[in-house]
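Novice: Handing you this structure, nothing more for now.
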Amino acid sequence: MTTSLFETTIGAFEERLALRRKMLNVTGVTLPKRRIPKDVEDKIRDTIINCYECKSGDTCASWLATAEDGVPPPAFCPNRDTILRLKADGYTKEPGA
Numbered sequence: 001m002t003t004s005l006f007e008t009t010i011g012a013f014e015e016r017l018a019l020r021r022k023m024l025n026v027t028g029v030t031l032p033k034r035r036i037p038k039d040v041e042d043k044i045r046d047t048i049i050n051c052y053e054c055k056s057g058d059t060c061a062s063w064l065a066t067a068e069d070g071v072p073p074p075a076f077c078p079n080r081d082t083i084l085r086l087k088a089d090g091y092t093k094e095p096g097a
């Protein structure tokens with residue numbers, strides 16, 4: 001059985017979103033469930049695209065496999081600035097959560 005381009009693309013997208021969720025979790029960011037300012041909403045939406053287009057997926061997965069909770073995102077992460085901004089703006093998870 002062959003895999004269609006659509007299935008491959010969806011699979012790759014889901015893999016990247018899993019890495020994005022783990023990166024946000026490891027770095028201590030919790031995305032809000034409430035209404036947020038438009039500029040923050042746009043930045044969060046951009047993190048999905050940035051992550052999907054990133055060429056460092058294997059490096060990211062390796063980094064995440066050994067990263068301790070609460071560390072800042074690595075320099076290679078295209079979402080580093082956004083993650084740091086979200087943390088500075090208080091979008092953080094409770095310790096031990």
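Going by full-length UniProt numbering, the first residue of the sequence shown is number 1, and it counts up by one from there.
C-beta atoms are modelled at their ideal positions from N, C-alpha and C, and glycine is treated no differently.
Here the structure is a predicted model, which means the values were calculated and not measured.
What are the uninterrupted segments assigned as alpha helix (DSSP H) that are 4 or more residues long and contained completely in the UniProt domain "DUF6455" (11 to 88), given in chain order?
Specialist: The UniProt domain "DUF6455" (11 to 88) contains these whole alpha helix (DSSP H) runs: 38 to 53, 57 to 66, 80 to 88.
Novice: Given a cut-off of 9 Å on the beta-carbon distance, is the pair Arg-85 and Ile-48 in contact?
Specialist: The count along the sequence shown starts at 1 and reaches residue 85 at position 85. The count along the sequence shown starts at 1 and reaches residue 48 at position 48. For Arg-85 and Ile-48, no; Cβs fall outside 9 Å.
Novice: Could you check how far apart the C-beta atoms of Thr-27 and Pro-72 are, in whole angstroms? I think they sit under 8 Å.
Specialist: The residue given as residue 27 occupies position 27 in the sequence shown. The residue given as residue 72 occupies position 72 in the sequence shown. Indeed, because the Cβ distance is near 6 Å, the residues count as touching under 8 Å.
Novice: Where Ala-12 and Lys-43 are concerned, what is the direct C-alpha to C-alpha distance, given to the nearest angstrom?
Specialist: In the sequence shown, counting from the first residue as 1, residue 12 sits at position 12. In the sequence shown, counting from the first residue as 1, residue 43 sits at position 43. Roughly 21 Å separates the two Cα atoms.
Novice: Whole angstroms is fine: what's the gap from Thr-9's alpha carbon to Glu-15's?
Specialist: For the purposes of this step, residue 9 is taken as residue 9 along the sequence shown, with counting starting at 1. For the purposes of this step, residue 15 is taken as residue 15 along the sequence shown, with counting starting at 1. Computed Cα separation, rounded: 10 Å.
Novice: Taking 6 Å as the limit between beta carbons, can you name the residues of its chain near Gly-96, skipping five residues before and five after?
Specialist: Mapped onto the sequence shown, residue 96 falls at position 96. The pLDDT assigned to Gly-96 is 48, lower than 50, so where the model puts this residue is not dependable; a value taken from the coordinates is nonetheless given after this. Result list for Gly-96: empty, nothing under 6 Å.
Novice: In whole angstroms, what separates the C-alpha of Tyr-52 from that of Cys-77?
Specialist: For the purposes of this step, residue 52 is taken as the residue at position 52 of the sequence shown. For the purposes of this step, residue 77 is taken as the residue at position 77 of the sequence shown. One C-alpha to the other measures close to 11 Å.
Novice: Tell me the rounded alpha-carbon separation between Arg-34 and Pro-74.
Specialist: As a first step, residue 34 is located in the sequence shown; it is residue number 34 there, counting from the start. As a first step, residue 74 is located in the sequence shown; it is residue number 74 there, counting from the start. Going from the Cα of Arg-34 to the Cα of Pro-74 covers about 28 Å.
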